[in-house]
Amino acid sequence: MRLTASRGSRPAAPRPGRRPAAALAAAALCAVLAAGCGIRTTSVPVDAGPAPSRVPCAMPAEDITTQAQQGIPVQIYLVCASELVTVDRAAQVPETASDRLRIARALLDELRLEPPSAEEQAGFSTHVPGTLRVDGPRAGDPKGTLRLSEQPEDLPSEALAQIVCTFTESESLAPDESMTLGGPGDYAPRAYLCTTETKASPESVPTADAVGPP
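This is how it looks when you write it as structure tokens:
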């Protein structure tokens with residue numbers, strides 16, 4: 038005898054908890070094509086742009102105090118974040134202001150030194166060559182002239198700016214707010230100025246004749 042389903046019977050419903058095969062296939066395809074589902078997977082770190090700058094251009098107070106105990110406190114200009122910024126140092130400068138050349142040499146010595154670790158971590162650097170020297174004027178030079186072992190205009194612009202700004206802010210070296218510098222050659226010395234623009238952008242150092250009278 039052949040058994041047949043009754044005319045009113047319905048197909049059995051799927052068991053609870055099981056997804057239809059089509060839904061499972063769609064989910065698998067979405068996982069494979071994750072980019073198409075709005076997700077980007079990668080094992081390589083994504084570049085989120087440069088990290089925030091940690092260059093403070095300032096020395097901790099304890100470092101300044103330590104340096105001040107090692108000599109006469111002076112201020113020099115170093116480069117930080119493409120600008121000139123003052124740094125407190127302790128130099129072996131004579132206490133009397135009568136010997137201009139000794140003061141200039143002491144300041145130049147500080148400018149030539151590679152910044153110690155604390156200053157380097159704060160972002161400071163120097164462009165003044167380690168071999169640079171300074172001497173007094175020659176016969177016929179304007180009063181107050183100092184001569185460098187290299188022509189001032191041949192130095193890196195940042196180095197010249199460091200020297201000029203450091204020297205001009207020393208009353209013993211530049212009482213009239215300009216610094217007259219020459220080199221080893223026969224070129225005439227020139228009077229250089231340290232302006233606000235020079236400190237903000239030490240790519241150029243103006244001369245007194247270039248600025249003209251106020």
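Start counting at 1 in the sequence shown, then tack on 37, and there's your number in our numbering.
No residue lacks a Cβ here, since even glycine has one placed at the ideal position from N, Cα and C.
Counting pairs of Cβ atoms below 8 Å between the stretch 194-209 and the stretch 236-243, do you hit three or more? yes
What does a CB cutoff of less than 7 Å around A141 pick up in its chain, not counting 5 residues either side in sequence? V171, L183, F204, L210
Residue environment, A42, which counts as buried when at least 16 other CB atoms sit within 10 Å: Residue confidence is low: A42 scores 43 on pLDDT, short of 50, so the model does not pin down where it sits. No coordinate-derived value is stated.
Does the stretch 150-163 come within contact of the stretch 210-227, defined as at least 3 CB pairs closer than 8 Å? No: fewer than three Cβ pairs fall under 8 Å.
Tell me the rounded alpha-carbon separation between L121 and G173. 26 Å
Member of E147, R139, T233, P243 whose CA lies at the smallest distance from the CA of T217: P243
Beta-bridge partners of G219, as assigned by DSSP: R184
What do you get for P230, buried or exposed, if any count of 16 or more other CB atoms within 10 angstroms of its CB means buried? According to the sequence displayed, residue 230 carries Leu and not Pro. It counts as buried.
Nearest neighbour of L115, chosen from P189, L144, G108 [CA to CA]: Selected option, being the one with the closest Cα: L144.
Going by other Cβ atoms of all chains shown within 10 Å of its Cβ, with 16 needed for buried, is A128 buried or exposed? buried
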